[in-house]
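**Student:** First residue of the sequence shown: 1, per full-length UniProt numbering; consecutive thereafter. Glycine is no exception: its CB is placed at the ideal position from the N, C-alpha and C atoms. Provided herewith is a single structure, encoded as structure tokens, for subsequent inquiry.
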Amino acid sequence: MEKICAAHAMQWSIELENGLRSKKPGKVIESILQTGTRLEQWSKEPNYPLSVLQMFGLIPGEDRLFANTILLRLADAFKSGDKQIRISVLKVFLGEMKFRRSKGKSYNGILKKDRVFNHAELLKRVKLVYDTGDVESRGLVFRLIGCWADFAKDSAEIRRPLLVRNMSNNEYHKPACGPPVKASLFAVGCFSELSEDFACIALEMLINMITSSKTTSSLKLAGARRLTCTGTSLSLAIRAYKAGKKLVLESLHKEFIAEMLVALSKLASKSMLLISEQVDLLLPFLVQPSASCVQAIALRCLNFLLAGGVCRFPVNASLLKALSHIVDSSNHSLGLQCEALKLLRKTVRRPCMDISELVNFVPSVKAAAQSPILPKRLLALCLLVDISCDHRMGMEMTPDANDLIHLPSWVLLSLLDQIEGLVKPVLETCCTTSEVEQECRSLLYLIVSLVKEHPSLGVLVLDKIRLNIEPMMDFCTENSETTVVSSLRDTVMFDVGRHVHVASNLISCVYKVVESCVTLDVASAITSQLHQSMKLLLNVILQSSLFTQDMHTVHLLFLLSHVMGTYSVNDDNEICIVAEELRIANINYRFQHERVVVEYMKNLIAGNNNWSIYRFAQWAACQGLWLVVAILSGQLINKVQSESNVNWLKSLTLFAQAESTVFLLNFPKQVSEVWVASCTSALPAWNADSQNYIGSLTEACTGIRAASEVLGCVITLDQTFYFQKWFLDLRAKFLEAALDILRFLSSDTCNNVNICYKTSVSYEGGAEAEETGPDFCLLVYFLTRFSFRLNRLVREFDLLATSFIGMDTESFRTVSRLAVNCSVLAFCTGFVLYHPKLYEKSMLRDLENLMKCSHSTLLKDAIERLQHVDEETSTNLKVLLTSIEEPKSCFHLHQKTFLYGSGFREREILVVSRNAVAEVLHLQEEASKMNCKGILGQVSKAGVQLLRGILTKWMQISLQTPKYFFQVRPCPGAELFTCTADNRKSDEISILPGSHLSLNLCLQMKNVPEVLSGNFYCVLACKPSYCTPASDGQMEEQKRSGYPASESDDSLDLNEKLMLYVMNSTDEMGARKRGRICGDGCEFVLCFVSFDELNQRGQGFSNCLFDVTSFPEGSYMIKWHSCCIDSQGSYWSLLPLNAGPRFSVKKPPVASVSY
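Printed below as a string of structure tokens:
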């Protein structure tokens, strides 16, 4: 547990004293500045209560004592030191003053009045410097007193003689006395920010000083800057604004006007009424001829007011006209024009903006988009893209906006023309700069943004790019000598002449745009015209000799994989025709894709570029090309040095070999023979003659478990491979569940023809029917158990996705796809034979209680995960839900990894899910005809056969790893430290039988990318079965290593209980901090705790009272889990990185009686 600043206070005080006594040159100043940094850290921490201070061995009042000792030593150094020492002390408190201003009224730092109990001594020391020092020393005193305004403002001895009297003295209006007067104005501003009565006096004094004819211009500017500080309250802000506005209108001094406009804008930001008035005041300075400095300040002020929120900022025709005038006028500088365009970009983002207002200034922006000056041109194009994207619906619905309707296509053509204009000179002169390449990238980024909002423009983009890329490809073909490709997607670099190098860089950027056009997540964007345009573009690439033939096919197949996803879910016949012309085949597509990529990889391996090989292996794993990964990772094992890297590559190789085994199961024998012949080194255990599906799947499960065990052998203090090991365990669990289901479906129970027997049981309708036999009940029981097991795996995927703060969006979507995949499979397994009329529902009640799941839970989970990506299937499932339970306002709460878009990667899963759900629902409909003779056996056999077919299709879905899998880094999470109220540590805690356990808690963030802001919670759990007589060595090892969530069933359960508490969604735990839950025949004691805001070290503190009164004698382990609700309301699980506290329940020793 890291020490808080208060625990360091005594050491800091001693080090400051030693530094001040040092005779070493510069040591005094260094010590003072170091103390300033420490005080800033201390101020950012809250004022901790006694219970927290005792955790660090502090006695009551110790922190305040040493804090004030440090302040007194700094004051003594200011009193007795020279000029440099005094400036150093001032720097310390100026930094603290900036922090106070940033916190406002919530400031509770080291200089808060109620934390400085000896402030009179501090003021006495600096007043002595004022009484005996020179003019320069008095200026330093004024500034230091301003930093101490929180406790100095109430001292009449300081307010009257040091500030009021000296500011009214006429001798300070002389130029020679300007510095001390400016310093006194600084103190006046600091006092005014904290004291409203002082601000009233200061406002009148400042106005009198500014209007006085004796005041120098430099002092007037200083007074204008301090005018903002007098707006302590709304009434004072209005008074100060009115007075300042009058001064602006009466003044002719440009520098003074510019300074006053800044001050008035800050005052106006405190009231919406003043904002409108300030905008009206600023507009004339934009339109009328005036100094460029004033116009620049006016634009800056408008930006400042707009930063407070677009809803508070009045945008009218006059403002837009003024900004358009600046953009059009050649009399204004380029800087002013760019600032005007930036301001326009902010104004058009208002959702409530009238479209008719855009019509007037769009022509000016169009003209600016043709400017020869790069910054102005890019800003204008960005503005036009913003208008096209943010106001698309408004432009389509406004009848008077005919010109704006065609704006997106005009902008797109302009962007493409700009790229063409940049490319041609580069190819002709072979001289490029980073600015040109950067502009190309910026323009291509704008194209991607525009196409995402206007999918219909995808065809235009591809056609235009094809026309532009043809001369580039021809040029590169004519000038290329050798071609070496080092990466497929991220970079396309060629070891050729400068001409080809330039062109290839541009082509790599264009390729990303093409990929964006094809991989849109909008279903309506996928049209036959788009595919035809892509076909023509790819033909241009194929006809060029710039790439090798293998590289052609790699690019072609990669792009066609996106088309394949669309083709599979689209009913458009034209798309099917285009897909056939592009040679898309459902049967051998994946095999052909991976085969060609591997052939290309052989050339890459021959180049012996290890880093490129590893990067390509990453890409291949994210695409699900496991044969590629198996080859590449095996090549790299002998080329690394450290043991952790060797184990990482060994694990990756085992993982890839196992997934390759699953991949090869889905192809016929002859295809496998041809394929495996080229990569026997990657798959030494593969036998093409083996037709044992279950046996091969068992080998795959064993391989993944072995990969996880290899990572488990890597001992790291920061648990570097936590995510990787957990992900492997979840994949193994999924395959093992699928394997167990297949084994069960192949057993005698499922193949028994006597799953029902004829009897005289009468069903609804009076007809004679069959009664369910024991085999059918057993079949239903085991399938239900398998489905509950899969549902628990779904929740583990949820926990995985929400436990790694900082995971990239694409990785989160990958885990979300796996969760959806598993959820739908759980539904299919549980409902394929779900016929409640045929068996007693009580048969499954014990199973539901044991596994904490139900059929309605399976159905609700599938509905919630599909409703955003497949509304039709979700609606059909809701109809089924109403038939098995009463509809409720909300479903059970779990932290879901929802999918909010059906992109090309999701379509394969959605197709399988949609077909599977449809078949299960059809079987449910057939089951409703149970009054017919002989139907039970038929439906049961059909259900078993259907589930076997569904599983086979599911196994054909290639696993795609998240990118985060390859980000090997310390595991983010939290550590929990505890002690009792009498300061006993967690390994020394003991209580008497029947007593409560009072704990002080410290939650310490570890390896979190940044200190989270939000609410933090923790749940502690214990039950008598947690009695563990572990040895001291085992305890220390467990505390150091923690316990992986993937290996602890309690982590998932505790996380869900904690979420229910945080969301306040159940009556059992909604508003309670402690609770008892019965389970497994024993009392399960829970305690929920909320933590204060974290300090800069990522620490939060709290306390709890743990009810263990019913625990017998023994030693117990408390398990725990924590979470965070961030500022956006998102739930994040914080993995426990150390073991929970231990406590002992034992009777007091019996005192011996002496006679």
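Please look up how many angstroms separate the CB atoms of N666 and K639, rounded, as I've assumed it's under 8 angstroms.
**Tutor:** Position 666 of the sequence shown holds residue 666. Position 639 of the sequence shown holds residue 639. Going by Cβ atoms, the distance from N666 to K639 rounds to 32 angstroms, so no, they are not a contact pair.
**Student:** Just reading off the alpha helix (DSSP H) that R225 is part of, what are its end residues?
**Tutor:** Against the sequence shown, residue 225 aligns to sequence position 225. Per DSSP, the continuous alpha helix (DSSP H) segment holding R225 begins and ends at 217-226.
**Student:** Using the Cβ count rule (16 or more neighbours within 10 Å means buried), how would you classify A317?
**Tutor:** To locate residue 317, count along the sequence shown from 1; it is residue 317. A317 is exposed by the Cβ-count criterion.
**Student:** Rounded to the nearest angstrom, what separates D82 and E157 at their Cα positions?
**Tutor:** Position 82 of the sequence shown, counting from 1, holds the residue named residue 82. Position 157 of the sequence shown, counting from 1, holds the residue named residue 157. Using only the alpha carbons, I get a separation of about 25 angstroms.
**Student:** Quick test of your reading: F655 and L728, contact by CB under 8 angstroms. State the CB separation rounded to the nearest angstrom.
**Tutor:** On the sequence shown, residue 655 is found 655 positions in, with the first residue counted as 1. On the sequence shown, residue 728 is found 728 positions in, with the first residue counted as 1. Sure, about 6 angstroms apart at Cβ, within 8 angstroms.
**Student:** Taking the beta carbon of C293 as the centre, do at least 16 other beta carbons fall within 10 Å, making it buried, or is it exposed?
**Tutor:** As a first step, residue 293 is located in the sequence shown; it is residue number 293 there, counting from the start. That one is exposed.
**Student:** What separation, rounded to the nearest whole angstrom, lies between the Cα atoms of A974 and C1018?
**Tutor:** Sequence index remark: in the sequence shown, residue 974 carries index 974 (1-based). Sequence index remark: in the sequence shown, residue 1018 carries index 1018 (1-based). Approximately 10 angstroms between the Cα atoms of the pair.
**Student:** Provide the residue span of the alpha helix (DSSP H) that contains E810, from first to last.
**Tutor:** To locate residue 810, count along the sequence shown from 1; it is residue 810. DSSP places E810 in the uninterrupted alpha helix (DSSP H) bounded by 809-831.
**Student:** Distance check for F151 and L111, CA to CA, integer angstroms please.
**Tutor:** On the sequence shown, position 111 is the one that residue 111 refers to. On the sequence shown, position 151 is the one that residue 151 refers to. So the alpha carbons of these two residues sit roughly 8 angstroms apart.
**Student:** CB N1095 to CB P46, shorter than 8 angstroms?
**Tutor:** In the sequence shown, the residue the question calls residue 1095 occupies position 1095. In the sequence shown, the residue the question calls residue 46 occupies position 46. Yes, the Cβ-Cβ distance between N1095 and P46 is below 8 angstroms.
**Student:** Go ahead and pull the three-state DSSP assignment for N1064.
**Tutor:** If you number the sequence shown from 1, residue 1064 lands on position 1064. Note: N1064 maps to coil in three-state DSSP.
**Student:** Considering only residues of the same chain and omitting the five flanking positions on each side of L866, which have a CB-CB separation below 6 angstroms?
**Tutor:** Locating residue 866 in the sequence shown gives position 866, where the first residue counts as 1. Excluding positions up to five away in sequence, the list reads T873, S874.
**Student:** Let me know if N1064 comes out buried or exposed under the rule of 16 or more other beta-carbons within 10 Å of its beta-carbon.
**Tutor:** To locate residue 1064, count along the sequence shown from 1; it is residue 1064. Burial call: exposed.
**Student:** For G695, which of helix, strand or coil comes out of DSSP?
**Tutor:** Within the sequence shown, the letter at position 695 stands for residue 695. Looking at G695 - three-state DSSP - the assignment turns out to be helix.
**Student:** Leaving out the 5 sequence neighbours to the left and right, which residues in its chain are closer than 6 angstroms to Y964 when beta-carbon positions are compared?
**Tutor:** In the sequence shown, residue 964 corresponds to position 964, counting from 1. Within the same chain, Y964 has close Cβ partners M807, S811.
**Student:** Who are the Cβ neighbours of R143 in its own chain at under 8 angstroms, not counting the five residues just before and after it?
**Tutor:** Reading the sequence shown from its first residue, position 143 is the one you call residue 143. Excluding residues within five positions, the ones whose Cβ falls inside 8 angstroms are L90, L94, A183, F186, A187.
**Student:** If I'm right that N1138 touches L976 with Cβ under 8 angstroms, what's the distance once you round it to whole angstroms?
**Tutor:** Here residue 1138 is taken as the residue at index 1138 of the sequence shown, counted from 1. Here residue 976 is taken as the residue at index 976 of the sequence shown, counted from 1. 7 angstroms between Cβ atoms; contact.
**Student:** Out of T784, I29, S329, which one is the CA nearest neighbour of L850?
**Tutor:** Within the sequence shown, the letter at position 850 stands for residue 850. For the residues T784, I29, S329, the minimum Cα distance to L850 belongs to T784.
**Student:** According to the neighbour-count rule (16 or more other Cβ atoms, all chains shown, within 10 Å of its Cβ), is I14 buried or exposed?
**Tutor:** Indexing the sequence shown from 1 puts residue 14 at position 14. Exposed, by the Cβ-count rule.
**Student:** Taking the straight line between their C-alpha atoms, what separation do you get for L128 and F78?
**Tutor:** Counted from its first residue, the sequence shown places residue 128 at position 128. Counted from its first residue, the sequence shown places residue 78 at position 78. The straight-line gap from Cα to Cα measures roughly 10 angstroms.
**Student:** Rounded to the nearest angstrom, what separates Q288 and R377 at their Cα positions?
**Tutor:** The residue given as residue 288 occupies position 288 in the sequence shown. The residue given as residue 377 occupies position 377 in the sequence shown. Answer to the nearest angstrom: the Cα atoms are 25 angstroms apart.
**Student:** Under a three-way DSSP split, which group does P314 fall into?
**Tutor:** Taking the sequence shown and counting its residues from 1, the one referred to as residue 314 is at position 314. Looking at P314 - three-state DSSP - the assignment turns out to be coil, as it is neither helix nor strand.
**Student:** Pick out the complete beta strand (DSSP E) segments inside the region 1080-1143, 3 residues or longer, and give them in chain order.
**Tutor:** The qualifying runs are 1082-1091, 1099-1106, 1114-1117, 1119-1126, 1131-1134.
**Student:** Taking just the CA atoms, how far does V1008 sit from R731?
**Tutor:** Residue mapping note: residue 731 aligns to position 731 of the sequence shown, counting from 1. Residue mapping note: residue 1008 aligns to position 1008 of the sequence shown, counting from 1. Taking the straight line joining both Cα atoms gives about 26 angstroms.
**Student:** Give a yes or no on whether the C-beta atoms belonging to I613 and L649 are separated by under 8 angstroms.
**Tutor:** For the purposes of this step, residue 613 is taken as the residue at position 613 of the sequence shown. For the purposes of this step, residue 649 is taken as the residue at position 649 of the sequence shown. Contact flag unset, no.
**Student:** Three-state secondary structure (DSSP) at G1014?
**Tutor:** Here the question's residue 1014 lines up with position 1014 in the sequence shown. Strand at G1014.
**Student:** DSSP puts N1000 in a beta bridge; with which residues?
**Tutor:** Taking the first residue of the sequence shown as position 1, residue 1000 is located at position 1000. Looking at the DSSP assignment, N1000 forms a beta bridge with C979, N1103.
**Student:** DSSP has M1 in a bridge; who is on the other side?
**Tutor:** Along the sequence shown, read from residue 1 onward, the residue named residue 1 stands at position 1. In the DSSP assignment, M1 forms no beta bridge with any residue.
**Student:** Who pairs with residue 1185 in a beta bridge, going by DSSP?
**Tutor:** Only positions 1 to 1155 of the chain appear in this structure, which leaves residue 1185 out of reach.
**Student:** Using three-state DSSP, classify L959 as helix, strand or coil.
**Tutor:** If you number the sequence shown from 1, residue 959 lands on position 959. Three-state result, L959: coil.
**Student:** Looking only at C-alpha atoms, which of S233, Q41, L946 sits nearest to C200?
**Tutor:** Within the sequence shown, residue 200 is the residue found at index 200, counting from 1. Per the Cα distances, S233.
**Student:** Does the Cβ of H855 have 16 or more other Cβ atoms within 10 Å, making it buried, or fewer, making it exposed?
**Tutor:** For the purposes of this step, residue 855 is identified with residue 855 of the sequence shown, where counting begins at 1. H855 comes out buried.
**Student:** Using only the alpha-carbon positions, how far apart do M205 and F198 sit?
**Tutor:** Counted from its first residue, the sequence shown places residue 205 at position 205. Counted from its first residue, the sequence shown places residue 198 at position 198. Approximately 11 angstroms between the Cα atoms of the pair.
**Student:** Could you name each continuous alpha helix (DSSP H) segment of 4 residues or more that falls completely within the region 74-162, going from the start of the chain to the end?
**Tutor:** 83-103, 119-132, 135-147, 149-152
**Student:** Taking buried to mean at least 16 other C-beta atoms within 10 Å of its own C-beta, is K725 buried or exposed?
**Tutor:** Here the question's residue 725 lines up with position 725 in the sequence shown. So K725 counts as buried.
**Student:** Leaving aside the five residues before and after V662 along the sequence, list all residues of the same chain whose C-beta is less than 6 angstroms from its C-beta, in chain order.
**Tutor:** Position 662 of the sequence shown holds residue 662. These residues qualify, in order along the chain: A700.
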